[in-house]
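The opening residue of the sequence shown carries number 4 in the working numbering; numbering runs sequentially from there.
Virtual Cβ for every residue (Gly too), placed ideally from N, Cα, C.
Everything numeric in this text was worked out from a predicted model, so none of it was measured.
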Amino acid sequence: MSEDSRRIALVSGGSRGIGRAVVLQLVRDGFEVAFCYRSNEEAARQVEKEVAGLGGRATARRVDVTDAQAVKDWVASVEKEHGGIDAVVTSAGILRDRPLVLMGDEDWSAVIDTNLTGTYNVCRAAVFGMLKRRRGCVVNLSSASGVKGTGGQTNYSASKAGIIGFTNALAKEVGKYGIRANTVAPGLIETEMVVDLSGKALERALTVISLGRLGTADEVAGAVSYLVGAQYVTGAVLQIDGGLMV
Ligand code: NDP
4 MSEDSRRIAL VSGGSRGIGR AVVLQLVRDG FEVAFCYRSN EEAARQVEKE VAGLGGRATA
64 RRVDVTDAQA VKDWVASVEK EHGGIDAVVT SAGILRDRPL VLMGDEDWSA VIDTNLTGTY
124 NVCRAAVFGM LKRRRGCVVN LSSASGVKGT GGQTNYSASK AGIIGFTNAL AKEVGKYGIR
184 ANTVAPGLIE TEMVVDLSGK ALERALTVIS LGRLGTADEV AGAVSYLVGA QYVTGAVLQI
244 DGGLMV
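The following block contains the structure:
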């Protein structure tokens, strides 16, 4: 692929789970990928190696998405190296589940800061360059919890509902400049984030999923890949949940 035709994607939280699957899928789609992680360096280096095994290139950098300056520096260095960013996918996210009456202020802030403000920080830093180049797209990871609300997850549901509002507003704001913004709202996906779900809780969850199984990170990555390529889709919320919300 020539230097001019190479497309660049930026992925937050690309070291594990859905973000990792997105990195690998976008590389298969012909992107060179810059991704960030918070602390798990070993997992990040492993993703770089897997990408090299596919004949592609992905570069990991330790960047906490809650740190606006670190995100700005990361985005600026990717833009400087590659000349611009064609696609942004925000997958960095955490859970701190508790009933509201037991929720600590720190549980609330950590989830809002990482999931919602982290998404803002990445988009705020990357969209400016897209506006200048009059092209690009954003795919933000929300959740079924953000569409419907889930008991025990007021912090998480608020952050994920916020991401839907944020992304739809962004789609309206930047569409006239040729930039698209969409949301993916996964249901229950088999990653380390839901590793604690087992036994009765898992059985209960499966009864409300029409397809009767958890989803895979690759299935979510396929949806992200679709939205990155779908030139006439913007402001969409694509539910990848096996019928959880039917
Ligand atoms: P994982 O816990 O498997 O992976 C989370 C990723 O985010 C890791 O790469 C982690 O880095 C990174 N990360 C976390 N906090 C930060 C931070 N402050 N700065 C930079 N990177 C960070 O999560 P999933 O893959 O399961 O989830 C990915 C996204 O999808 C999240 O936004 C989640 O809310 C959403 N989602 C997940 C669902 C599921 O069932 N799994 C369902 C619906 C939505 P590190 O490896 O260094 O820790």
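Measuring alpha carbon to alpha carbon, tell me which residue in GLY22, VAL227, TYR40, ASN43 is nearest CYS140.
Counted from its first residue, the sequence shown places residue 140 at position 137. When only C-alpha atoms are compared, the closest one is VAL227.
Coarse secondary structure for ASN143, derived from DSSP in three states
The residue you call residue 143 lines up with position 140 of the sequence shown. Correct three-state label for ASN143: strand.
Cβ of MET248 within 6 Å of any heavy atom in the ligand NDP?
Here residue 248 refers to the residue found at position 245 of the sequence shown. MET248 Cβ: outside cutoff for every heavy atom of the ligand NDP.
For VAL240 and VAL91, I'd like the C-alpha separation in whole angstroms.
The residue given as residue 240 occupies position 237 in the sequence shown. The residue given as residue 91 occupies position 88 in the sequence shown. Within the model, the alpha-carbon separation for VAL240 versus VAL91 is close to 16 Å.
For ALA71, tell me which candidate among THR62, GLU51, ASP116, ASP108 has the shortest Cα-Cα distance.
What you label residue 71 is simply residue 68 of the sequence shown in a count that begins at 1. Per the C-alpha coordinates, the member of THR62, GLU51, ASP116, ASP108 positioned closest to ALA71 is ASP116.
Assuming LEU29 and ALA12 are in contact, meaning their beta carbons sit under 8 Å apart, how far apart are those beta carbons, in whole angstroms?
Residue mapping note: residue 29 aligns to position 26 of the sequence shown, counting from 1. Residue mapping note: residue 12 aligns to position 9 of the sequence shown, counting from 1. Right, their Cβ atoms sit about 5 Å apart.
Could you pull the DSSP bridge partners for VAL177 from this structure?
Counting from 1 along the sequence shown, the entry for residue 177 is found at position 174. Listed as beta-bridge partners of VAL177 by DSSP are no residues whatsoever.
Nearest candidate by alpha-carbon position, reference ARG23, set THR219, TYR235, GLY246, GLN242:
Your numbering for residue 23 matches position 20 in the sequence shown. If we check each option's Cα against that of ARG23, THR219 comes out closest.
For ARG65 and SER42, the rounded distance between their alpha carbons
The residue you call residue 42 lines up with position 39 of the sequence shown. The residue you call residue 65 lines up with position 62 of the sequence shown. So the two alpha carbons sit approximately 7 Å from each other.
Relative to the C-alpha of ALA95, which candidate in ASN124, LYS83, VAL211 has its C-alpha closest?
To locate residue 95, count along the sequence shown from 1; it is residue 92. Residue ASN124 is the option with its Cα nearest to ALA95.
Taking the alpha-carbon positions, what's the ALA184 to LYS203 distance?
For the purposes of this step, residue 184 is taken as the residue at position 181 of the sequence shown. For the purposes of this step, residue 203 is taken as the residue at position 200 of the sequence shown. Take the alpha-carbon of ALA184 and the one of LYS203: they are about 38 Å apart.
Which residues bound the alpha helix (DSSP H) around TYR229?
Taking the sequence shown and counting its residues from 1, one reaches residue 229 at position 226. That run of the alpha helix (DSSP H) goes 220-232.
Check: ASN43 C-beta below 6 Å from any heavy atom of the ligand NDP:
Your numbering for residue 43 matches position 40 in the sequence shown. For the ligand NDP, at least one heavy atom lies less than 6 Å from the Cβ of ASN43.
So which of GLU84, ALA63, GLU53, ALA73 has the shortest CA-CA distance to ARG9?
The count along the sequence shown starts at 1 and reaches residue 9 at position 6. Each of GLU84, ALA63, GLU53, ALA73 was checked against the Cα of ARG9, and the nearest Cα belongs to GLU84.
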